[in-house]
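Structure first, commentary second.
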Amino acid sequence: MNSAIGLKVLAGKKLTDLPPAELAGALAAAEHVLVDVGTGDARTAYRQAVAHPEWLVIGVDPAWQRMTETAVRAARKPAKGGAPNLVLVNAAIETVPAPLHGIADAVTVLMPWGKLLRGIVSGESDVLAGLRAVAKPGTPLEVSIGTSIWRDPIPLEIRGLPELTPETVGSTGLADR
0 MNSAIGLKVL AGKKLTDLPP AELAGALAAA EHVLVDVGTG DARTAYRQAV AHPEWLVIGV
60 DPAWQRMTET AVRAARKPAK GGAPNLVLVN AAIETVPAPL HGIADAVTVL MPWGKLLRGI
120 VSGESDVLAG LRAVAKPGTP LEVSIGTSIW RDPIPLEIRG LPELTPETVG STGLADR
């Protein structure tokens with residue numbers, strides 16, 4: 000996506016474009032920028048935004064429909080539980096939009112699934128490049144994966160993926176962050 004084009008974000012239950020100037024203003028006003036990749040239903044990103052109103056929290060997920068309930072909650076007035084500092088972006092990390100490049104002070108990936116899980120565990124270059132793209136130099140990356148998924152019965156989607164050990168994490172390219 001061209002940086003002159005706005006991001007596709009959720010506004011309540013609808014996808015809309017976030018103009019570059021609006022994103023720039025939110026970034027300038029934020030003390031800290033957290034990007035939550037594979038945010039799913041965005042409840043964790045929402046909790047971070049409410050707990051840290053001085054931060055800009057950006058949830059990124061290609062399945063925008065799962066984020067709608069949280070987007071509706073975030074759109075409320077802050078006194079009623081709203082989180083105006085939460086932006087929910089419809090995008091996959093392997094094709095992360097240019098406006099998100101180099102903005103994150105922290106990046107989280109919590110309980111990934113599907114392509115994101117495979118990409119992290121296997122060290123797929125498009126996923127790792129996307130994670131690096133959103134981060135400022137030296138930005139910490141927090142990845143949390145439930146290891147119980149490797150116990151029987153192993154879901155079909157992850158059969159064949161290596162179990163996470165210090166050695167396999169080191170081989171993915173994530174350890175050099």
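So in numbering that gives the first Met the number 0, spot 69 of the sequence shown is number 68, and the numbers just go up one at a time.
Positions of the beta carbon are idealized from the N, C-alpha and C atoms, including for glycine.
Within 9 Å, strictly: CB atoms of residue i and residue j
i, j, result
"aspartate 125", "alanine 90", "no"
"valine 108", "glutamate 162", "no"
"leucine 26", "aspartate 16", "no"
"aspartate 35", "isoleucine 57", "yes"
"histidine 51", "aspartate 104", "no"
"tryptophan 54", "alanine 29", "yes"
8 Å CB neighbourhood of residue i in its chain, flanking five on each side removed
i, result
"glycine 159", "none"
"glycine 101", "Ala132, Val133, Ala134, Lys135"
"threonine 146", "Glu162, Leu163"
"proline 77", "Pro52, Pro83"
Any chain D beta carbon closer than 9 Å to residue i
i, result
"leucine 14", "Absent here is chain D; the protein component of the structure consists of one chain."
Chain-order list of residues whose beta-carbon lies under 6 Å from that of residue i (same chain, five-residue window excluded)
i, result
"serine 2", "In this predicted model, serine 2 has a pLDDT of only 43, less than 50, meaning its place in the structure is not dependable enough to derive any value."
"arginine 176", "The predicted model places arginine 176 with a pLDDT of 45, which falls under 50 and marks its position as unreliable; any figure quoted below should be read in that light. Cβ neighbours of arginine 176 beyond the five flanking positions: Leu140."
Contacting residues, own chain, Cβ-Cβ under 7 Å from residue i (five flanking each side not counted)
i, result
"tyrosine 45", "Thr69, Arg72, Ala73, Ala82, Leu85"
"isoleucine 148", "Pro154, Ile157"
"threonine 43", "Asp35, Leu109"
Length of the line joining the Cα atoms of residue i and residue j
i, j, result
"valine 95", "alanine 132", "8 Å"
"valine 106", "alanine 20", "23 Å"
"leucine 177", "arginine 65", "One cannot answer for residue 177 here, as it falls past the ends of the chain, which runs 0 to 176."
"lysine 12", "glutamate 166", "43 Å"
"methionine 0", "glycine 129", "Residue confidence is low: methionine 0 scores 36 on pLDDT, short of 50, so the model does not pin down where it sits. Its coordinate-derived value is still stated next. Rounded to the nearest angstrom, the two C-alpha atoms are 13 Å apart."
"arginine 117", "glycine 80", "35 Å"
"threonine 67", "alanine 48", "16 Å"
"lysine 114", "leucine 33", "21 Å"
"glycine 37", "isoleucine 92", "8 Å"
"valine 8", "valine 88", "4 Å"
"alanine 10", "arginine 75", "11 Å"
DSSP bridge partner residues for residue i (one or two, in chain order)
i, result
"threonine 107", "Asp35, Glu141"
"tryptophan 63", "Answer is none; tryptophan 63 lacks a bridge partner."
"valine 8", "Thr15, Val88"
"valine 126", "Answer by DSSP bridge pairing: none, since valine 126 is not bridged."
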